[in-house]
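Note sheet for the following structure.
Below is the structure:
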């Protein structure tokens, strides 16, 4: 089954982007790892709910994540383990369209999850 979702096209321009504007995380933090669980069957519904692994978040959140990612990149060893490229963040979920929320409820109508 294919879920039709609508993502607003987003662009990133410093100084003109509102903190609440949805942006593609990878456009601002290219080296962040993204593994959207709802783009795979590895989630509580056991179904693919996102059409791609492209993560959208509010610009304000991405700005803060970038600060953390930049700091982690400079950590080359921890507890005796060496990391040649430093440490980094991994994102498992981001903005979730309402259509996906509704689909989750159809699949698993349990308020503990949705």
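Numbering (the working numbering), first residue to last: -15 to 98. Note that the Cβ used here is the ideal one computed from N, Cα and C, for glycine as well.
Using three-state DSSP, classify residue 11 as helix, strand or coil.
Three-state result, residue 11: helix.
Tell me residue 61's beta-bridge partners as DSSP assigns them.
Residue 61 is bridged to 66.
Segment contact, 8 Å Cβ cut-off, at least three pairs: the stretch 57 to 77 with the stretch 10 to 23:
Result yes; three or more Cβ-Cβ pairs closer than 8 Å.
Using CA coordinates, which residue listed in 5, 2, 29 is at the minimum distance from residue 96?
When only C-alpha atoms are compared, the closest one is 29.
Measure the alpha-carbon distance for residue 43 versus residue 8 and round it to whole angstroms.
Approximately 9 Å between the Cα atoms of the pair.
Any idea what DSSP makes of residue 6, helix, strand or coil?
The three-state reading of DSSP puts residue 6 in strand, counting E and B together.
Exposed or buried, what is residue -4 when buried is set at 16 or more other beta-carbons lying within 10 Å of its beta-carbon?
A caution first: residue -4 carries a pLDDT of 45, below 50, which makes its placement in the model unreliable, though a value can still be read off. Counting of Cβ neighbours within 10 angstroms places residue -4 among the exposed residues, the total staying below 16.
Can you tell me whether residue 43 is helix, strand or coil according to DSSP?
Here residue 43 sits in helix by DSSP.
Excluding the 5 residues preceding and the 5 following residue 68 in the sequence, name in chain order all residues of the same chain whose CB lies nearer than 8 Å to its CB.
Excluding sequence neighbours, residue 68 sits near 60.
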